[in-house]
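Everything below concerns the one structure shown next.
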Amino acid sequence: MRIKNIYFGFFLLLILNIAACNSNNKKNLDSGNMKKIIETPNAPAPIGPYSQAVLASNTLYISGQIAINPLSGELITQTIEAETKQVMENLKAVLNEAGMDFNHVVKCSIFISDMNHFGKINEVYGSYFEKEFPARETVQVAKLPKDVNVEISAIAVK
Numbered sequence: 368m369r370i371k372n373i374y375f376g377f378f379l380l381l382i383l384n385i386a387a388c389n390s391n392n393k394k395n396l397d398s399g400n401m402k403k404i405i406e407t408p409n410a411p412a413p414i415g416p417y418s419q420a421v422l423a424s425n426t427l428y429i430s431g432q433i434a435i436n437p438l439s440g441e442l443i444t445q446t447i448e449a450e451t452k453q454v455m456e457n458l459k460a461v462l463n464e465a466g467m468d469f470n471h472v473v474k475c476s477i478f479i480s481d482m483n484h485f486g487k488i489n490e491v492y493g494s495y496f497e498k499e500f501p502a503r504e505t506v507q508v509a510k511l512p513k514d515v516n517v518e519i520s521a522i523a524v525k
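The sequence shown lines up with residues 368 to 525 when you count with the working numbering.
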């Protein structure tokens, strides 16, 4: 009889534990803590197995954007300024799709093919922010997708 009571006790604890786990999972889903994929036709479609952006709770992680015009599919590389402007417009489109703007950006990563372009890239980049700039790093890399000169990713918080 005592062994049956012990088994029953373990069984009851197991059932209560499963119920508590399910309750916590439902709470996470209800409070919006799960990730949401952000997609917009106003920014270039991903050229690989990744999303334009992922919203996790109130934080938006935007994949690196390059200077592809989303309407024509054309690479904009005539000047470094035009290329950077297209990259920033693509970031803006993804931010807007998530209900955010550049005021929500807390971190950017800039990858450039030639550090000699830094000044011109920085000028265009800076024009998209009002006064509080996000944290950032700029790194020269050996090569970027589609042989572009600049790629920028961002993290924004609402």
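Quick reminder that beta carbons are idealized off the backbone N, C-alpha and C, glycines included.
Three-state secondary structure assigned by DSSP to residue i
| i | result |
| --- | --- |
| glutamine 507 | strand |
| leucine 383 | Because leucine 383 sits at a pLDDT of 39, beneath the cut-off of 50, its placement in the model cannot be relied upon, and the point is left open. |
| isoleucine 435 | strand |
| isoleucine 429 | strand |
| phenylalanine 377 | Per-residue confidence for phenylalanine 377 stands at a pLDDT of 43, beneath the threshold of 50, marking its modelled position as unreliable; no derived number is given. |
| alanine 449 | helix |
| alanine 502 | strand |
| leucine 396 | Because leucine 396 carries a pLDDT of 41, less than 50, the predicted location of this residue cannot be relied on, and the following value inherits that uncertainty. In the structure shown, leucine 396 sits in a helix (DSSP, three-state: H, G or I). |
Paired residues, beta bridge with residue i - DSSP
| i | result |
| --- | --- |
| valine 472 | Ala523 |
| lysine 403 | Leu422 |
| valine 517 | Ile479 |
| leucine 462 | DSSP lists no partner for leucine 462. |
Beta-carbon contacts of residue i that lie in its chain and below 6 Å, excluding the five residues immediately before and after
| i | result |
| --- | --- |
| valine 491 | Glu448, Thr451 and Lys452 |
| proline 416 | none |
Residue i: CB within 7 Å of a non-hydrogen atom of the ligand ADP
| i | result |
| --- | --- |
| valine 473 | In terms of ligand content, the structure shown is empty, and the ligand ADP therefore cannot be addressed. |
Spatial neighbours of residue i in its chain, beta-carbon cut-off 8 Å, leaving aside the 5 residues before and after
| i | result |
| --- | --- |
| valine 517 | Ile433, Ala434, Ile447, Glu450, Thr451, Val454, Ile477, Phe478, Ile479, Ser480, His484, Ile488 and Leu511 |
| valine 515 | Ile433, Ala434, Leu442, Thr444, Glu450 and Ser480 |
| leucine 438 | none |
| proline 413 | Gln419 and Ser430 |
Cβ neighbours of residue i in the same chain (closer than 7 Å, five flanking residues each side left out)
| i | result |
| --- | --- |
| methionine 482 | Gln507 |
| lysine 513 | Ile433 and Leu442 |
| tyrosine 428 | Ala420, Val421 and Ile522 |
| methionine 467 | Leu427, Ala523 and Lys525 |
Residue i at chain B interface by Cβ criterion, 8 Å
| i | result |
| --- | --- |
| alanine 412 | The chain labelled as chain B is not found in the depicted structure, where only one protein chain is given. |
**OP:** Answer yes if the stretch 495-504 comes into contact with the stretch 443-451, meaning at least three C-beta pairs across the two stretches below 8 Å, and no otherwise.
**Re:** The stretch 443-451 makes no contact with the stretch 495-504; the number of CB pairs closer than 8 Å stays below 3.
Original post:
Can you find at least 3 beta carbon pairs, one from the stretch 437-447 and one from the stretch 461-470, that sit closer than 8 Å?
Top reply: Counting Cβ pairs under 8 Å, fewer than three are found: no touch.
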